[in-house]
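Shown next, in C-alpha cells, is the structure this report addresses.
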Amino acid sequence: MNPQANLIFVISLLLGTTITISSNHWIMAWTGLEINTLAILPLISKSHHPRAIEAATKYFLTQAAASTLVLFASMTNAWHTGQWDITQLTHPMSSLILTSAIAMKLGLVPFHFWFPEVLQGSPLVTGLLLSTFMKLPPITLLYMTSASLNPALLTTLAILSTALGGWMGLNQTQIRKILAFSSISHLGWMTVIIIYNPKLALLNFYLYAMMTASIFLTLNTMKVLKLSTLMTAWTKTPPLNAMLLLALLSLAGLPPLTGFLPKWLIIQELTKQDMAPTATLISLLSLLSLFFYVRLAYCTAITLPPHTTNHMKQWRTKKSTSVMVAVLTTMTVMLLPVSPMILTII
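Residue 12 in UniProt numbering sits at position 12 of the sequence shown; the count goes up by one each step and never skips.
What follows is the structure in C-alpha cells.
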C-alpha cells in the first residue's frame, strides 16, 4: 500500500478513537466509531486476497449494525429523558440496546462470530489493531455508561464469553484464530468487573493490549501464522522464541508473570462484592483457554517436530529484533513485582 495512504488511514484511526473517548455527546461518539470503521477497512483488505475482502465485508456489516444500534439506543434515551449526554443513559431499554451494540462492537458472545473470521483474513499488524486499538472506543463507552447498565446481563455475557472463548479455541491450528478466541475470553473478564470497578476493567484492558501487542509483533517478526510453522521457527531467533513462550504463559494469566495481576485483582474484587460463585466459575472457565495457551507454548518450545519425516529447518536470521518488541516482551513478562506501583496509579 502507498505510504501516504497508510499514513492517512492511521491518522484517521487515531482521530476516530480520540473523538469517541473524549466526547460527551452520543452523536460525536457515534461519529468517532464510524471514522474508525472506515479507516480500518482498507488496512484489512489491502492484500486483495479473497479471504481479506471477505473479512473486510464481514467487519463492515457487523460494525455498521452495531453503530446503528448505538444511534438507536441514544435516540431512544433522548426521546424518553431529553438527554444526549453519554453518562445520562438512564432508560432501561436504551441501556439494553447499548449493551447489545457494544457487545457486537467488541465481539462478546453471542455476537462473537465475526471476530475470528475477520482476524484470520487480516495481516498480523492489522490483526493487532483489531484486537487492541479498535476495542478502546467501545470499552470507553462501556466505562462511561457502566453505572446504568444491567449487572445480571453483563455477568451472563462475561461468563459465556469466557466459556466459549476457551472452548472454541481448543481445536484451532491457525494462530490468529487462537488469538481471536483468547481476546473473546479476556473481554469476558473485563465485562464481568466493569460495573463494580470500572478502573480495574481499564487496567485489565491496558495490560491485555500490551501482552497481545508483544505476541502479535513477535509473530510478525518471526513470520509465523500457524502451529506447524511455529514448531520450526525456533531456528530463526531462539532468544525471541523463548520470550514468546513466556509472553504466551503471561497472557494465560500464570504467576509470576504480568498476566496474573488483572485476574488476581478481578477475583479479589468479585469476592468483595459477594460474587464468589461468579469468581469461581470464571476462574474455572479460564482453564479452557489455559489449555490452548500451553499448547501454543509447547509448540514454541519444541525443538524437533514430533514426527520422523525430514523437516526443513529455517535459516537463523541476522536481523536484530526491534526495540519495541524487546520492551513489550520484557514488560509482558516482568511487571508483576511492580504491581503496588501500578495500583497506586489507578
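We treat Cβ as the ideally placed atom computed from N, Cα and C, and that holds for glycine.
What does DSSP give as the partner residue(s) for residue i in the beta ladder?
| i | result |
| --- | --- |
| D85 | H25 |
| Q273 | Beta-bridge pairing links Q273 to no other residue. |
| Q172 | Note: Q172 sits in no beta bridge, so no partner. |
| K226 | Q174 |
Among the options, whose alpha-carbon lies nearest the alpha-carbon of residue i?
| i | options | result |
| --- | --- | --- |
| H48 | A39, L15, M1 and I21 | M1 |
| L142 | I44, Q63, L187 and I175 | L187 |
| L249 | S286, Q273 and N171 | S286 |
| K223 | K319, T31, P116 and T17 | K319 |
| S67 | L265, S283 and S100 | S100 |
Looking at residue j and residue i, is the spacing between their C-beta atoms short of 8 angstroms?
| i | j | result |
| --- | --- | --- |
| T221 | L240 | yes |
| I97 | P151 | no |
| A39 | F60 | no |
| S146 | V109 | no |
| L219 | L124 | yes |
| T321 | T237 | yes |
| L207 | L270 | no |
| L41 | H112 | no |
| T126 | L43 | yes |
| I302 | L200 | no |
| S283 | G169 | no |
| K58 | E117 | yes |
Contact the region 26–37 vs the region 73–87: 3+ CB pairs below 8 angstroms: yes
Three or more C-beta pairs below 8 angstroms linking the region 154–165 and the region 210–218: In this structure the region 154–165 does not lie against the region 210–218, because fewer than three pairs of beta carbons, one per stretch, are closer than 8 angstroms.
Cβ pair count under 8 angstroms reaching 3, the region 131–140 against the region 100–117: yes
Cβ pair count under 8 angstroms reaching 3, the region 82–96 against the region 51–62: no
Runs of beta strand (DSSP E) wholly within the region 70–154 (minimum 3 residues, chain order): none
The region 111–131 / the region 182–190 touching (three or more Cβ pairs under 8 angstroms): Taking 8 angstroms as the limit for Cβ pairs, the verdict is that the region 182–190 does touch the region 111–131.
Segment contact flag, the region 228–236 with the region 332–340, C-beta cutoff 8 angstroms, min 3 pairs: no
Whole runs of the alpha helix (DSSP H) within the region 276–304, excluding any shorter than 4 residues: Entirely contained in the region 276–304, the alpha helix (DSSP H) runs reaching 4 residues are, in chain order, 276–301.
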